[in-house]
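Participant: Using UniProt numbering, the first residue of the sequence shown is number 1, and each one after it goes up by one.
Built from N, CA and C at the ideal position, the CB exists for glycine as well.
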Amino acid sequence: MNTENNFKLIIGEIQEYLELINFQQIEEIVDYIMTSEKIYIAGAGRSGVFLKGFANRLMHLGKKVYFIGDITTPAAKENDLLLITSGSGLTETMVTLAKKAKKLKVNIALLTMNDESELAKISNVFATIPGKTPRLEGLGYKSSQPMATIFEQLSGLLYDAMILTLMDKMGVSEKEMYNRHANLE
1 MNTENNFKLI IGEIQEYLEL INFQQIEEIV DYIMTSEKIY IAGAGRSGVF
51 LKGFANRLMH LGKKVYFIGD ITTPAAKEND LLLITSGSGL TETMVTLAKK
101 AKKLKVNIAL LTMNDESELA KISNVFATIP GKTPRLEGLG YKSSQPMATI
151 FEQLSGLLYD AMILTLMDKM GVSEKEMYNR HANLE
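1) With distances taken from CA atoms, which of Glu185, Gly171 and Ser143 is nearest Met34?
2) Would you list the one or two residues that DSSP bridges to Gly43?
3) Between which two residues does the alpha helix (DSSP H) containing Asn107 stretch?
4) Our contact map puts Leu119 next to Met147 with C-beta atoms below 8 Å; I'd like the distance itself, whole angstroms only.
5) Which parts of the stretch 136 to 173 are runs of the alpha helix (DSSP H), unbroken and 4 residues or longer, counting only runs that do not cross its ends?
6) Below 8 Å on the Cβ atoms is my guess for Tyr66 versus Ile41; work out the distance and round it to an integer in Å.
7) Counting pairs of Cβ atoms below 8 Å between the stretch 21 to 28 and the stretch 123 to 132, do you hit three or more?
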């Protein structure tokens, strides 16, 4: 197959799995984002990369958002939000982080493939995103793409859709967002 055909294959997979997403779960996460004073973001690997883009847009919306592990991340407190993306829901560092957040009474939101995971059980709210990963055999999802790629793509697109929803609910224009764009580049 050539690149054009592979691109069409990917778009087809995204459209197929889009139908399996419970958007009520996504709206619950949006509500937590809306009402949280500070939002902490955590994800490993490619999930973390997509989350950094989401954190950037949340900052453009005027939200106080911090990526866990960054040296400038302040202390979390009760009713702040920890947003985690973990395809497997089994990533040890994310489970440890969620347990610590729970002790601090920080709310936890999760995007995952594994609604039976310890992370899902710890979370205040989670959204199950279809996908596959070698760590979770037997979920029933198939993809021509390697490892958890389809999950990562769907998560990234959901983050962009959530930004549009937040713009509308918060009454924030693109111009206002652009005024918060980095100017020391």
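Facilitator: Per the coordinate set shown:
1) Locating residue 34 in the sequence shown gives position 34, where the first residue counts as 1. Per the C-alpha coordinates, the member of Glu185, Gly171 and Ser143 positioned closest to Met34 is Gly171.
2) What you label residue 43 is simply residue 43 of the sequence shown in a count that begins at 1. BP columns for Gly43 point to Thr85.
3) Along the sequence shown, read from residue 1 onward, the residue named residue 107 stands at position 107. Element bounds for Asn107: not the alpha helix (DSSP H) but the beta strand (DSSP E), Asn107 to Thr112.
4) Against the sequence shown, residue 119 aligns to sequence position 119. Against the sequence shown, residue 147 aligns to sequence position 147. That belief does not hold up - the Cβ atoms of Leu119 and Met147 are roughly 19 Å apart, past 8 Å.
5) If only uninterrupted alpha helix (DSSP H) runs of at least 4 residues are considered, those enclosed by the stretch 136 to 173 are 149 to 170.
6) Your numbering for residue 66 matches position 66 in the sequence shown. Your numbering for residue 41 matches position 41 in the sequence shown. Correct: roughly 7 Å between the Cβ atoms.
7) Short answer: they touch.
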